[in-house]
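Residue numbers (the working numbering): 31 to 833.
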């Protein structure tokens, strides 16, 4: 029976091969898009789930609020983790801290192998009790007990010790510290919220700090995680935190500090916090991709069902003849359902081929590493098979149950007008397609405009001509002034300065005592430690007072720069009024010598707030905070200038790698989520338009064939091509018009809500709506026009012979 059903299905599909190709192609593209987006979404939702205790692991978040200046930090002071464990042993099973000496990149050496690495962390020996690491060599229970011991990932073992046993070998850290390799672990899953390639013992930090770890409750450089006891409740534990802060934190922080716990599984797609190890993504972007995938599949399925039911009307006589020849209704139902399901599964096979072929390009687009095994997993297979089966069932219901119910005599006598009753349903489905298409086009255009705005917005400083060079722990930091003067001999270099953070990317907070506060009262404000010419290099605007002046030797001790927002926070009447106000740092006796026009110290995801630029006084402090060199280049050939800078670098730091980036490129990284969403939305929206056009093409072709006799009669009575085109156009113009009317308010509400979540965003204008409507009208009318002209030019006699 199966073979007979298969032969009949294939014969009928070949008989209507144009519609079959359109149907299979449309559904397969929709299924392929759905599968690809599902892979991406599942990957994003699976972060950190490889940890067997993931549901009990929490990151401790340190939130400070000083006069409205909020720092919500993903890191905590050194004592927080151990003190929590000590005071709540019945709640906390274990704690672990990660620390990187505040070096985002470090130089690692083994003989003649020198590499700058991003993923070097110090951690408590308890790290292997909290997180899952698969050890290849060494003992996880003792690997991090001793000072200056380090465990490395499998890929790093291959990189530094290829072909040899790394256990017991040495790695040199920043040309100074020698670490003994005590273990090798499997590479950390790419689905981790941060990657570790080197984990050194916290006992090493203790040695570096003179025998004990920093005991300050102010400095918060440690990413701290707790493992909750299985029977403990994080909700009830949170209620103890106010008393914990009151008991342990210093006076200046009590009442201004909160601790709360972020579930490990919420970190990757959670709220982006200050000092994140790696940038967090946002759940709203994942939700948008989920919506796009569902809409893609919905439109593809609508096409499939719409065309399948439309074609079924042509088979009424076939059903009548089969019934006359003795076919039972049950047999007809099975046959038509089988045919629809077969066509749907054919589309599924084609979709899997499309997915396989497009996988390399999709990986490049998303920076993921999917392969065939990603599709074959049980969840995905069950999902796509289920979708194909349900789509086939729905599309086969109409011919299977509706047409098979009619009397064969009425069908063969032509007394039943099959297909007219479901015209409304078909129009409704086409309108639904266009509404979804128009809404997604508008959303995609808005997302693109917002991401473009964020990458090209005026940040209040010059970012386009700045070369950023990492100088941390290099001879350049100690010999900066000489190196600077050597660079300035190049006429294409406008100015040079330093900072402890890349401007526009991040900053730290420092203690200050503004005028009006008691000598023992300190406030913590965002600040960047800079050197002379910082304002000049970045072209910051001074609205009152002056810049730091290298000729004024007292400026590091007695001068400070603040921004307009700080003036407002202090309640000073104007920038001019702020000049001369006391604003002391820990070691200085500063007063405000200049007020800067507000500029974006962090990404556009964060509103501009009070900010300080400070210069350190002591030589050791200057060297410590000299982490990045900013060089303003005035040349069209920047790469040539970079080569000249590297040449000077090699004279002063011959054994240190020359690491540089352009400021604009560095800042673009902060908007990867928006850019990725924009690219993915654009690609899949284009696919959606193609699917909708395919469906419209097939349906228009079918409807015009159904009206061939009417067209022939009209031509006999003198209708020309224009009249025929006009007749066909009327129906589809109405459909597109209704679609536009429905889609505009839906798109506006969604985009408005999405944009409102950004502190700085574009203004909604009419252009995305006009463009989306134009694309819909063009796509729809060009498709209809093709078929209308083709029908109008058909031989009148052939048209009248139809049916």
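Glycine residues also receive a C-beta, built at the ideal position from the N, C-alpha and C atoms.
- Within its own chain, the residues whose Cβ lies closer than 6 angstroms to the Cβ of residue 139, once the five positions on either side in sequence are excluded, are 202, listed in chain order.
- Boundaries for residue 178: no beta strand (DSSP E) harbours it, and the DSSP string shows neither H nor E there.
- Look at the segment 181-232 and you find these whole runs of beta strand (DSSP E), each 3 residues long or longer: 200-203, 207-215, 228-231.
- At a Cβ-Cβ threshold of 8 angstroms, residue 759 and residue 806 do not count as neighbours.
- For residue 162 and residue 219, the gap between their C-alpha atoms comes out near 10 angstroms.
- Scanning 119, 226, 189, 147 for the CA closest to the CA of residue 164 turns up 226.
- Shortest Cα-Cα distance from residue 637 to any of 668, 787, 600 involves 787.
- Around the CB of residue 718, 16 or more other CB atoms lie within 10 Å, so the residue is classed as buried.
- Its chain contains 332, 336 as the residues whose beta carbon lies nearer than 6 angstroms to that of residue 459, once the 5 sequence neighbours on both sides are disregarded; these appear in chain order.
- Nearest C-alpha to residue 234 among 217, 223, 206, 815: 206.
- Beta-bridge analysis with DSSP links residue 557 to 538, 642.
- The DSSP assignment places complete alpha helix (DSSP H) segments of no fewer than 4 residues inside the segment 748-791 at 751-785, in order along the chain.
- Taken atom to atom, the span from the alpha-carbon of residue 654 to that of residue 502 is near 8 angstroms.
- Closest in alpha carbon position to residue 474, among 52, 785, 302, is 785.
- DSSP lists 543 as the beta-bridge partner residues of residue 614.
- Looking at 84, 650, 517, the one whose alpha-carbon comes closest to that of residue 681 is 517.
- In this structure, the beta-carbon distance from residue 114 to residue 264 does not fall below 8 angstroms.
- In summary, residue 87 is buried, with 16 or more beta-carbon neighbours lying within 10 Å of its beta-carbon over all protein chains present.
- Nearest to residue 303 by C-alpha distance, out of 56, 604, 103, 417, is 103.
- Considering only 500, 490, 181, 396, the residue with the shortest C-alpha distance to residue 531 is 500.
- Only residues of its own chain outside the window of five on either side were considered, and among them 479, 480, 483 have a CB closer than 6 angstroms to the CB of residue 792, listed in chain order.
- Residue 582 is classed as exposed because its beta carbon has fewer than 16 other beta carbons within 10 Å across all chains shown.
- Taking one beta carbon from each stretch, the segment 544-557 and the segment 685-692 have fewer than 3 pairs nearer than 8 angstroms; the two do not touch.
- Looking at 815, 775, 773, the one whose alpha-carbon comes closest to that of residue 756 is 815.
- In this structure, DSSP gives residue 580 a state outside helix and strand, which the three-state scheme calls coil.
- Residue ranges of uninterrupted alpha helix (DSSP H) with 4 or more members, entirely inside the segment 265-317 and ordered along the chain, are 271-278.
- Take residue 705, set aside five residues on each side of it, and the residues of its chain with a beta-carbon closer than 8 angstroms to its own are 481, 485, 698, in chain order.
- In its chain, beyond the 5 residues on either side, 108 have a beta carbon closer than 6 angstroms to the beta carbon of residue 244.
- Considering only 802, 63, 754, 741, the residue with the shortest C-alpha distance to residue 771 is 802.
- Between residue 262 and the set 122, 360, 135, the nearest pair of CA atoms involves 122.
- Rounded to whole angstroms, the separation of the alpha carbons of residue 66 and residue 392 is 8 angstroms.
- The beta carbon of residue 135 lies closer than 6 angstroms to those of 146, 148 in the same chain, with the five residues before and after it left out.
- Linking residue 696 to residue 662 through their CA atoms gives a straight-line distance of about 15 angstroms.
- Residue 619 and residue 541 have their alpha carbons spaced roughly 13 angstroms apart.
- Inter-segment contact for the segment 395-402 and the segment 709-718 is present: three or more beta-carbon pairs are separated by less than 8 angstroms.
- Residue 496 and residue 651 have their C-alpha atoms roughly 25 angstroms apart.
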